[in-house]
Amino acid sequence: MQDLQTKPNIGEMFNIQEKENGEIAISGRELHQALEVKTEYKDWFPRMIEYGFVEGVDFNPLKIEQVRLEGNRNVRRKITDHVLTLDTAKEIAMIQRSEPGKRARQYFIQVEKSME
1 MQDLQTKPNI
11 GEMFNIQEKE
21 NGEIAISGRE
31 LHQALEVKTE
41 YKDWFPRMIE
51 YGFVEGVDFN
61 PLKIEQVRLE
71 GNRNVRRKIT
81 DHVLTLDTAK
91 EIAMIQRSEP
101 GKRARQYFIQ
111 VEKSME
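Residue numbers (the UniProt record's numbering): 1 to 116.
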């Protein structure tokens, strides 16, 4: 099987970050977008954590400033993202019964294999 760095488009699915402790972290908003969820993130993520994910263990909230063009002016808003562990992102992808969910699951399997 091809290695993670050479597989076409595999690195484009998520912006993977490595935390100080070496753990892989993924943006909840990026996961939401990759899964092509129709529900807004602010409504979707609380539903996902009902599956038993624990703040401080499986994810951490992150306030970010978003600048968006509205009409002819830039509007700044503070929004909440969540930094997810690789395992949490993988579990969330597993419960999505869709083609994007399947692609995300395959992606996470490749990430794990590349870490071995």
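Think of the CB as a built atom: it goes at the ideal place given N, C-alpha and C, for glycine as much as any other residue.
The beta carbons of Phe45 and Gly56 sit no closer together than 8 Å. Contact check for Ser98 and Leu31: beta-carbon distance about 13 Å, past the 8 Å limit, so the pair fails to qualify.
Excluding the 5 residues flanking it on each side, Glu18 has same chain C-beta neighbours closer than 8 Å at Ile24, Ala25, in chain order.
DSSP places Thr39 in the coil class of the three-state scheme, outside both helix and strand.
In this structure Tyr107 is buried. Its beta-carbon is surrounded by 16 or more other beta-carbon atoms within 10 angstroms.
Taking 8 Å as the cut-off, the Cβ atoms of Gln66 and Ile79 count as close.
Between Gly101 and Ala93 a beta carbon distance of about 5 Å is seen, short of the 8 Å cut, so the two are scored as contacting.
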